[in-house]
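A.B. asks: I'd like to ask you about the structure that follows.
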Amino acid sequence: MKAPLAKDIFEPATVAEAVDLLKEKSDSVCLIAGGTDLLPWLKDGLLAPDYLVDIAGLPLNYIKGSPAKGFKIGATTTMKEIRISGSIKRGLPVLAAAAAQVGGPQTQELATIGGNLCTASPAGNLVTVLLALEAQVKLLGPDGERVVPLGEFFRGPKETVIEDSELMTEVVIPPLPRKYGADYIKFTLRREMDIALVGVAVMIVPDGTKVGKIRIALGAVGPVAFLAQAAQKILEGKKYSDKTVAEAVKAAIDRCSFISDVRADARYRREVAAVLLRRAIAAAWTTAKGGK
Amino acid sequence: MSAKKYVGRSVQDVNAVNKVTGASIYAPDLYFPRMLYGVMIRSTHPHARIKMINVNKARKAEGVVAVVTYRDFPGLGFGTYVYDQTIFTDHPRFVGDPIGAIAAESLAAAQKALELVKIEYEILPHLLDPEEAMKPDAILLHPNMHNYEECGFPGFFNYLKDTNCPNQFRLRKGDVEEGFRQADYVIESRISLPQIYHGQLETHGCVCQFTPDGNLIVNTSTQGAFLAREMLSHSLGIPMNKVEVNQTTVGAGFGGKISVNLEPRCAALSSKCGYRPVKMVLSREEDWQTVFTRSGLTGYYKTGVNKDGAIIARKVNLYWDSGAYADYEVSVARSAGYMSAGPYDIPNIWIDSHAVYTNKLIATAYRGFGCSETTFCYEQDMDIIADELGFDPIKFRLQNAHQTGSINATGQRIKSCALPDCITGVTDKAKELKLKKSSNGPIKRGYGIACMHKFTVHTVPTTDILKLNEDGTFILETSAQDLGQGSSTVMCQIAAEVLGVNMDKITVVPVRTNYTGYGWQTAASSKTFFNGNSTIMAATQVREKLLEYASIKLNLPISDLDTKDGTVFCKSDPKISLPFSALSMGVFNDEGGQLGGPIVGYGVFTIPDGSGLDKETGQGRRPSAFWMYAAMIAEVEVDTETGKVKVLKLITANDVGKAINPRKVRGQIIAGAIQGLGSAIFEEVLFDDQGRVLNANMHDYKMPTICDIPDDIFVDIIETSPHPDGPFGAKGVGEPSMACPAAAIANAVANALGGRIRTMPITPDKVLAVIKKEGK
Amino acid sequence: MKREIHCKINGEKRTFRADLCSTVLDVLRDVLNLTGTKSSCETGDCGACTILWNGEAVNACLLLANRMEGSEITTIEGVMKGGKLDPIQKAFIEEDASQCGFCTPGFILRVKSLLRENPNPSEEEIKLALAGNFCRCTGYIDIIAAVKNAAMKLKG
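Residue numbers (the working numbering), protein chains in the order written: chain A, 1 to 292; chain B, 293 to 1068; chain C, 1069 to 1224.
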């Protein structure tokens, strides 16, 4: 028998209990929800907490809302639940598509939206898409609740602003305009079961032939996923054209610090990010204008 | 040929029920009373000497029963062809080289004790590249190589003294330099290929136990129980009758379980454990960091061709990255040498194929002994030549292709070859499917062909023992090890066919060296041919005995008797018959006396005219029992903006002689195609500058998933050239299936892009680099 | 921390002691000796350890033992009922979809959950559903055929 992965595991019945446990065991504790990222780290010894707090049983598993009102998704909602949710498939298909590409079906049964965000991999599927959707996260700690825009949530790879005794309770997606288009392209070597070499998410709100609002999120191209603000500025308020898009793409790419790792080198990431960004913007625009 | 009941039919696998119910027992599933768990103490440096090792704290740790190091087993060596490895080493030659081992009551206790071992190293310079390792001033990783004892087959080990080359295979035919002088066109190319993993779902594992009477019992996931016995016997100094090696159900091999790695170490450890069994099973990560890979290759090809399309000369220089020890690579370098000029009639050939030591984990045999890699080299050159000289790539290949009766590079006259049928088979299919090069915005489509040949063994006899039980059922002890490829089913089909009995009356048992007749290992696509023949011999003997006894009992001439459905019957009056059970103990006479006795058939097969090869010229009469051939056309789609390659179709034709079980043959062909696809576009073992593996896990080392297979795979099983010496004409198929895909895909990508990639895997970054270079 | 766990495994009520922070895979194999569920990658990448947990196909290597409490688990040992092969098992045999067999238990359990959710999957749906199960021996074509065969059997 291999060694157990921690000394003990607690199953709080309420969110408040969970927060208390985090505070009490704060010297050496880790939250577990889906465990699909956490367990491999525990097995590798990358993390070695004495205690685990299992929050999968907490009432944080829900999908509420609509495109008009915005969505509230509980932090322990699984990828599968997001993938098959009728309201998400209809109202926010880009999120369903991103959830469907997290690992494989077995992973999606367990992996949670909160976990994807708290793992804070710059390549995270939901990380990238939720950034483009300007999501916010609700964090609950001993001192109460705070709301953090996702753009301010990530500090570095595997690092977030979550305090030791805080847990994420909810992901809030603001109301979506009636007419918008979104696209997520996850570039991988294999068709499925792969971590993004480059991930691009785009949300566009048209204003006639102009780009009313655009959010461009880039993942796996730097230490954190981020919004390409310079590129957004180039496109917003301007008439949509291939030329303007090309300009915006260049601006975005020039500001990225591409990483080389075991999956791809920086030069290739730069080349393919530019292509994917152009394609994602075009696809989002087409959807926004009512096409397929 | 009369209609066959079993041979040529796609009958159900004899082990299928246990597999689909989870009842098959693999090495990790073995649990014995008082069993201990073993872990390896491994080097963390690629090349070093151990200055100090302190295991005192580890020995005293909770649950620890034994800790052993190289100090406990000095000088005991093993190896597949040359004894260049020691059980534990004080001179580690790769990151992961075993220095010692720990046995404890639980895996957790053993792993905890591992952290208490203290080692001090004297770091030595290390080599990671085979060409660097062959430079005249390179440090010698095995300075004592010339004193190593040879084992296995005499004449295999042709080391180059004072180098890092434990084997150089030489082949000299005609006069290459004269050939190049006469040729109208000469091309040269350099190819560099990385290591890849076999990727068996079951990692390496075994359980070893000594008994008080001095026997060693080993249960292991192996392709070579008898080879393992030999290595254990030699390295531990135990006679073979006291070493029992039992094959568990094996979770695939592909060549990666052909030699030993864990067994000598686990056995040595267990010798200090008070006769308790010790289980050693590697995690995925440890397996991929420390056990086997397919060798990397740096290859140089020079080919001379005439305007009329005849290939006049080929010169080949190969450097196989063997890793830290010679293990099987000695044989791979040699065997790849035989094949590396390709399945073409070439009058002037020069081949130098070198195994080279580097400070990385050990390379071993992998589905083809170098045929995938060398096919990748020469088939791309064929397309380059065709393109340059305006030849049709199909006609160019057909013009030069081997046929039955051709004499190949080794001087062997080929008795069975349907390569032209394979080439026309895939070409006709491609025409039917209207494959063509095309462009749709950034997406380009292309297709390409590759063909190959593969040899097998000549001197590896196989044994089959067939026993008749009292009730008319049979036990077949075959030396063919079923790794999932279906050899047990095929032997059962053959035995049933020869005997005239239903297949469900025959149980084929796994290899246990105390009981099974000798058969070195399961490799080289040879089991159907060799064990098929020894099974025919054994079954024929049994059948003859049955006829003899029936003749006495029924008072009929043997010529009037035949067998069918488990009975011996009279041909002229079929109502007269006896079930096998009535003859199983011989014949009883009226006095109650017994003539004869239990019936056992015994077959030992090897080819009578096999030969080695001359050490200087690589020429011989029959170095391979048979040769196999295949052709494949791949259609690909390339996204020229991202560089991503998608394989749309694979069309393949394999020359198998005779398909004893067509569905199993098809299964091997498809599986090899997908494994080849993986090597072509996804797979590569990545190392850091210390030779440590960076991607020893299944998300960073990318094997094809079900979503990565082509939309269509077309399989043509070619039986137009049955082998005169093969069982019912059969040859083999397991390895050729993997040889063509990478080459065909590379040629297809070149067809689509106009630029060529001379390495594997063909990843998007390399595609973009070629597009940029070609300015397309 | 070792605790008593109560759950249903293959239809049978079981009570046993195990460490809640061990993986379900380790508990199944080493405590309950149900060795049909295989360990291959231990990182949730290969699907060899797929079990049904409360009816859903998950990787046992990524589930901790505390999740066994009060749950219903099906392993490969529980697929055959009353000595009769399940239609999925029959289909795998008929289509020669199992070679070395190491991946087979994981596939069969995943297929069980797939066909319950989607009794008539298209080839594309089959591929996406089985994306998390690796096979190195068959090249997958015969496995796809087995799923289609099993779907027909279950319909009839």
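Beta carbons: idealized from backbone N, C-alpha and C, even for Gly.
Look at L22 (chain A) and V53 (chain A) and say whether their C-beta atoms are less than 8 Å apart.
C.D. replies: Yes, Cβ-Cβ distance for L22 (chain A) and V53 (chain A) is below 8 Å.
A.B. asks: Against S1108 (chain C), what residues of chain A qualify as contacts under a CB-to-CB distance less than 8 Å, listed in chain order?
C.D. replies: Ordered by position in chain A, no residue passes the 8 Å Cβ test against S1108 (chain C), which lies about 13 Å from the chain.
A.B. asks: Using only alpha-carbon positions, find the residue among B:E407, B:Y375 and B:P338 that is nearest to N346 (chain B).
C.D. replies: Ranking B:E407, B:Y375 and B:P338 by Cα distance to N346 (chain B) puts B:E407 first.
A.B. asks: Go ahead and pull the three-state DSSP assignment for A1061 (chain B).
C.D. replies: Correct three-state label for A1061 (chain B): helix.
A.B. asks: Helix, strand or coil for S730 (chain B), going by three-state DSSP, please let me know.
C.D. replies: DSSP places S730 (chain B) in strand when its eight states are reduced to three.
A.B. asks: Below 8 Å between beta carbons: does that hold for T119 (chain A) and A33 (chain A)?
C.D. replies: The answer is no: Cβ separation not under 8 Å.
A.B. asks: For S398 (chain B), return the contacting residues in chain A, with the cut-off set at a CB-CB distance below 9 Å.
C.D. replies: Going along chain A in sequence order, the residues near S398 (chain B) (Cβ under 9 Å) are M1, K2 and A3.
A.B. asks: Taking all protein chains shown into account, decide if K80 (chain A) is buried (16 or more other Cβ within 10 angstroms of its Cβ) or exposed.
C.D. replies: Label assigned to K80 (chain A): buried.
A.B. asks: Flag this pair as yes or no: are the beta carbons of T1142 (chain C) and N1186 (chain C) separated by less than 8 Å?
C.D. replies: Contact flag unset, no.
A.B. asks: Give the range of the beta strand (DSSP E) segment to which N459 (chain B) is assigned.
C.D. replies: N459 to K465 is the span of the beta strand (DSSP E), which, as asked, contains N459 (chain B).
A.B. asks: First and last residue of the alpha helix (DSSP H) that includes N1127 (chain C)?
C.D. replies: Where N1127 (chain C) is concerned, there is no enclosing alpha helix (DSSP H), although the beta strand (DSSP E) it sits in stretches over E1124 to N1127.
A.B. asks: L967 (chain B) CB to nearest chain A CB: under 8 Å?
C.D. replies: According to the sequence shown, residue 967 (chain B) is Gln rather than Leu. No, Q967 (chain B) lies away from the interface with chain A (no Cβ there is under 8 Å from its Cβ).
A.B. asks: Span of the beta strand (DSSP E) holding D947 (chain B)?
C.D. replies: Element bounds for D947 (chain B): V937 to D947.
A.B. asks: With a threshold of 16 other CB atoms inside 10 Å of the CB of Q777 (chain B), please say whether the residue is buried or exposed.
C.D. replies: Answer is buried; the Cβ neighbour count reaches 16.
A.B. asks: Label K707 (chain B) either buried or exposed according to how many other C-beta atoms from any shown protein chain fall within 10 Å of its C-beta, with 16 as the threshold for buried.
C.D. replies: K707 (chain B) should be labelled buried.
A.B. asks: Would you list, in chain order, the members of the region 562-586 of chain B that have their beta-carbon closer than 7 Å to a beta-carbon of chain A?
C.D. replies: From the region 562-586 of chain B, no residue has a Cβ closer than 7 Å to chain A.
A.B. asks: Is the Cβ of A1125 (chain C) closer than 8 Å to any Cβ of chain B?
C.D. replies: So, not an interface residue.
A.B. asks: Output yes if chain B places a C-beta closer than 8 Å to the C-beta of A280 (chain A); else output no.
C.D. replies: It does not: the Cβ of A280 (chain A) has no partner Cβ on chain B nearer than 8 Å.
A.B. asks: Determine whether the Cβ of H991 (chain B) lies closer than 8 Å to any Cβ atom of chain D.
C.D. replies: The question asks about chain D, but that chain is absent: this structure's protein chains are A, B and C.
A.B. asks: What residues in its chain sit with their C-beta under 8 Å from that of V1059 (chain B), if we drop five residues either side in the sequence?
C.D. replies: Taken in chain order, the residues that qualify are V930, T932, G935, K936, V937, V1041, L1045 and I1049.
A.B. asks: Between M995 (chain B) and chain C, is there a C-beta pair that is closer than 8 Å?
C.D. replies: M995 (chain B) counts as touching chain C.
A.B. asks: Tell me the rounded alpha-carbon separation between N61 (chain A) and L110 (chain A).
C.D. replies: So the alpha carbons of these two residues sit roughly 12 Å apart.
A.B. asks: If the criterion is Cβ atoms closer than 8 Å, does the pair P486 (chain B) and E976 (chain B) meet it?
C.D. replies: In this structure, E976 (chain B) lies closer than 8 Å to P486 (chain B) by Cβ.
A.B. asks: DSSP on Q232 (chain A), reduced to helix/strand/coil?
C.D. replies: Three-state DSSP puts Q232 (chain A) in a helix.
A.B. asks: Output the distance between the C-alpha atoms of N538 (chain B) and G124 (chain A), rounded to the nearest integer angstrom.
C.D. replies: Going from the Cα of N538 (chain B) to the Cα of G124 (chain A) covers about 47 Å.
A.B. asks: Taking Cβ-Cβ distances shorter than 7 Å, what residues in chain C pair up with L775 (chain B)?
C.D. replies: What L775 (chain B) touches in chain C: C1168.
A.B. asks: Can you grab the Cα-Cα spacing for the pair A1088 (chain B) / A405 (chain B), in whole Å?
C.D. replies: Any answer about residue 1088 (chain B) is impossible in this case: the structure gives chain B only from 293 up to 1068.
A.B. asks: So within the region 638-714 of chain B, which uninterrupted alpha helix (DSSP H) runs reach at least 4 residues, ignoring any that extend past its ends?
C.D. replies: For the region 638-714 of chain B, whole alpha helix (DSSP H) runs of length 4 or above, ordered along the chain, are 663-681 and 685-692.
A.B. asks: My guess is that G949 (chain B) and G1021 (chain B) are in contact by the Cβ rule of under 8 Å, so how many angstroms apart are they, rounded?
C.D. replies: The Cβ separation is near 5 Å, so the contact holds.
A.B. asks: Which word fits I1209 (chain C), buried or exposed, when buried means at least 16 other C-beta atoms lie within 10 angstroms of its C-beta?
C.D. replies: The residue in question, I1209 (chain C), is buried, as its Cβ has 16 or more Cβ neighbours within 10 Å.
A.B. asks: Could you name the residues of the same chain whose beta carbon sits closer than 8 Å to that of A678 (chain B), not counting the 5 residues immediately before and after it, in chain order?
C.D. replies: D684, P685 and F688.
A.B. asks: How big is the Cα-Cα spacing for N602 (chain B) and H383 (chain B)?
C.D. replies: First, the residue type needs correcting, since residue 602 (chain B) is Ala and not Asn in the sequence shown. Answer to the nearest angstrom: the Cα atoms are 51 Å apart.
A.B. asks: So with Cβ pairs under 8 Å, would you call D265 (chain A) a contact of chain B?
C.D. replies: So yes, D265 (chain A) belongs to the interface.
A.B. asks: Does V374 (chain B) come out as helix, strand or coil in the three-state DSSP assignment?
C.D. replies: V374 (chain B): strand per DSSP, three-state reduction.
A.B. asks: Using a Cβ-Cβ cut-off of 7 Å (strictly less than) and excluding sequence neighbours within five positions of S288 (chain B), which residues of its own chain qualify?
C.D. replies: Since the first and last residues shown for chain B are 293 and 1068, residue 288 (chain B) lies out of range.
A.B. asks: With a cut-off of 8 Å on the beta carbons, I'd call T585 (chain B) and L189 (chain A) a contact; round off their distance for me.
C.D. replies: About 19 Å; that fails the 8 Å criterion.
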